[in-house]
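*Asks:* One structure follows; several queries about it will come next.
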Amino acid sequence: MNIFRLLGDLAHLASIFILVHKMHTTRSCRGISFKTQALYVVVFVTRYIDLFYSWISLYNFVMKIFFISSSCYILYLMKYRFRPTHDPTLDTFKVEYLAGPCFALALIFNYHFDFTEIMWTFSIYLEAVAIFPQLFMMQRTGEAETITTHYLAALGIYRALYIPNWIYRYYTEGTVDPIAIVAGIVQTGLYLDFFYVYFTKVLQGQKFELPA
Amino acid sequence: GGKQSGHDEL
Chain A
21 MNIFRLLGDL AHLASIFILV HKMHTTRSCR GISFKTQALY VVVFVTRYID
71 LFYSWISLYN FVMKIFFISS SCYILYLMKY RFRPTHDPTL DTFKVEYLAG
121 PCFALALIFN YHFDFTEIMW TFSIYLEAVA IFPQLFMMQR TGEAETITTH
171 YLAALGIYRA LYIPNWIYRY YTEGTVDPIA IVAGIVQTGL YLDFFYVYFT
221 KVLQGQKFEL PA
Chain B
6 GGKQSGHDEL
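Chains A and B, in that order, give the protein sequences. Going by my numbering, the first sequence opens with residue 21, and the numbers climb by one from there. Going by my numbering, the second sequence opens with residue 6, and the numbers climb by one from there.
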C-alpha cells in the first residue's frame, strides 16, 4: 500500500458515495447510464472471484465486498426506486460492442489460461471501457448535472492515481503488471476530454455543457 | 507481477 493507491481507492469510494447521494437527494437517476453501472457490477463480480479462495488483507476484503454490494445497490436504485427517472432512449450504447472484444482480448492476452485468471483479465479490460455508455449519453444530451460531473471526476481520478502507484511499486518492489497498467492508462485516457471541461468549467462554477 | 492470484489491487 502506498499513498497513490490509498488516495486512488478513496477517490473510488468517494465516487460511489457521490453517486448514491445524488440519487437520494434529487430522487432521480437522470443523466446516469444504467449500462455503465451494470458493467461495473460485471467488472466487480468477475474480478473478485478470488474472494472465495484468496485472503489478501482485511482492507482488501472489505473493499471488495463494498464495491460488489454498492454497485448492485446502485442498479437496484436505478431499476426499481427511481426507475421512472431513467430514460432508456438516451442510454443506447451497445454494451456487447464492449463486452465481446474485451472477452476476446482476455482469451488472447492473459497471464494464465484458466477460468479465474481470464475472468480477472476480462474485468480489467471491461473496466477500462465501461464508462463509454455514460460518456456517450452525455455527448448526446450535451450536458450534465454538476453532481454527476463530480462523480465522474472522482471515478477518473481513482484510475489516474493508480498510475503513479504502479510507478512507485516498480521502483520499490520491482513489480510490473502490464495488463493492469496498459488498461489503466487507456481507462484514464478516456477521461482526458472530460477532465478538461471539468477543470476549466465546472470547477470555475460553470455548468457542464458540451459545444453543440 | 503476473503471478496467479497475486492480484492485490482493487
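Glycine residues also receive a C-beta, built at the ideal position from the N, C-alpha and C atoms.
For chain A, check one thing: does any of its Cβ atoms lie closer than 8 Å to the Cβ of G7 (chain B)?
*Replies:* For the purposes of this step, residue 7 (chain B) is identified with residue 2 of the second sequence, where counting begins at 1. Any reading at G7 (chain B) is ruled out, since the residue's pLDDT is 40, under 50, leaving its predicted position unreliable.
*Asks:* Just curious, the alpha helix (DSSP H) that L95 (chain A) is in, first and last residue?
*Replies:* For this step, residue 95 (chain A) is matched to residue 75 along the first sequence. Start and end: L78 to Y96.
*Asks:* Relative to the C-alpha of D29 (chain A), which candidate in A:Y178, A:V63, A:A124 and A:F133 has its C-alpha closest?
*Replies:* Translated into positions along the first sequence, residue 29 (chain A) becomes position 9. Closest by alpha carbon: A:Y178.
*Asks:* Out of A:T46, A:I23 and A:N22, point me to the one whose CA is closest to T168 (chain A)'s CA.
*Replies:* For the purposes of this step, residue 168 (chain A) is taken as residue 148 along the first sequence, with counting starting at 1. Residue A:T46 is the option with its Cα nearest to T168 (chain A).
*Asks:* When burial is assigned at 16 or more other CB atoms within 10 Å of the CB, is I23 (chain A) buried or exposed?
*Replies:* Position 3 of the first sequence holds residue 23 (chain A). Its Cβ having fewer than 16 others within 10 Å, I23 (chain A) is exposed.
*Asks:* Could you tell me which chain B residues have their CB closer than 7 Å to the CB of M83 (chain A), listed as they occur along the chain?
*Replies:* Against the first sequence, residue 83 (chain A) aligns to sequence position 63. Going along chain B in sequence order, the residues near M83 (chain A) (Cβ under 7 Å) are L15.
*Asks:* Chain B beta carbons: is any one of them nearer than 8 Å to that of Y145 (chain A)?
*Replies:* In the first sequence, residue 145 (chain A) corresponds to position 125, counting from 1. By this cut-off, Y145 (chain A) is not an interface position.
*Asks:* Whose C-beta lies closer than 8 Å to the C-beta of Q207 (chain A) among residues of the same chain, with five residues either side of it excluded?
*Replies:* Residue numbering aside, residue 207 (chain A) sits at position 187 when the first sequence is read from its first letter. Excluding positions up to five away in sequence, the list reads E147, A148, V149, I151 and R179.
*Asks:* Just how far apart, CA to CA, sit T66 (chain A) and S143 (chain A)?
*Replies:* Mapped onto the first sequence, residue 66 (chain A) falls at position 46. Mapped onto the first sequence, residue 143 (chain A) falls at position 123. Their Cα atoms are separated by approximately 6 Å.
*Asks:* Measuring alpha carbon to alpha carbon, tell me which residue in A:A174, A:N185, A:R189 and A:W140 is nearest D70 (chain A).
*Replies:* Within the first sequence, the letter at position 50 stands for residue 70 (chain A). Among A:A174, A:N185, A:R189 and A:W140, the Cα nearest to that of D70 (chain A) belongs to A:W140.
*Asks:* By the 8 Å beta-carbon criterion, what residues does the segment 115-148 of chain A contribute toward chain B?
*Replies:* For the segment 115-148 of chain A, residues whose beta-carbon sits nearer than 8 Å to a beta-carbon of chain B comprise Y131, H132, D134, T136, E137 and W140.
*Asks:* Do L127 (chain A) and F214 (chain A) come within 8 Å of each other at the CB atom, strictly closer than that value?
*Replies:* Locating residue 214 (chain A) in the first sequence gives position 194, counting from the first residue. Locating residue 127 (chain A) in the first sequence gives position 107, counting from the first residue. The answer is no: Cβ separation not under 8 Å.
*Asks:* Does N22 (chain A) come within less than 8 Å of chain B when only Cβ atoms are used?
*Replies:* For the purposes of this step, residue 22 (chain A) is taken as residue 2 along the first sequence, with counting starting at 1. It does not; no Cβ of chain B falls within 8 Å.
*Asks:* Run down chain E in chain order and give the residues with a C-beta less than 7 Å from the C-beta of I183 (chain A).
*Replies:* No chain E appears in the structure shown, which is made up of the protein chains A and B.
*Asks:* Name the chain B residues whose beta carbon is nearer than 8 Å to that of I76 (chain A)?
*Replies:* For the purposes of this step, residue 76 (chain A) is taken as residue 56 along the first sequence, with counting starting at 1. Those are D13, listed as they occur along chain B.
*Asks:* What is the C-beta distance between A58 (chain A) and L118 (chain A), in whole angstroms, given that I count them as a contact (C-beta under 8 Å)?
*Replies:* Within the first sequence, numbered from 1, the residue matching residue 58 (chain A) stands at position 38. Within the first sequence, numbered from 1, the residue matching residue 118 (chain A) stands at position 98. Actually they are not in contact, since the Cβ atoms of A58 (chain A) and L118 (chain A) sit about 11 Å apart, beyond 8 Å.
*Asks:* Considering only DSSP beta bridges, list what A164 (chain A) is partnered with.
*Replies:* Indexing the first sequence from 1 puts residue 164 (chain A) at position 144. In DSSP, A164 (chain A) forms a bridge with A:F228.
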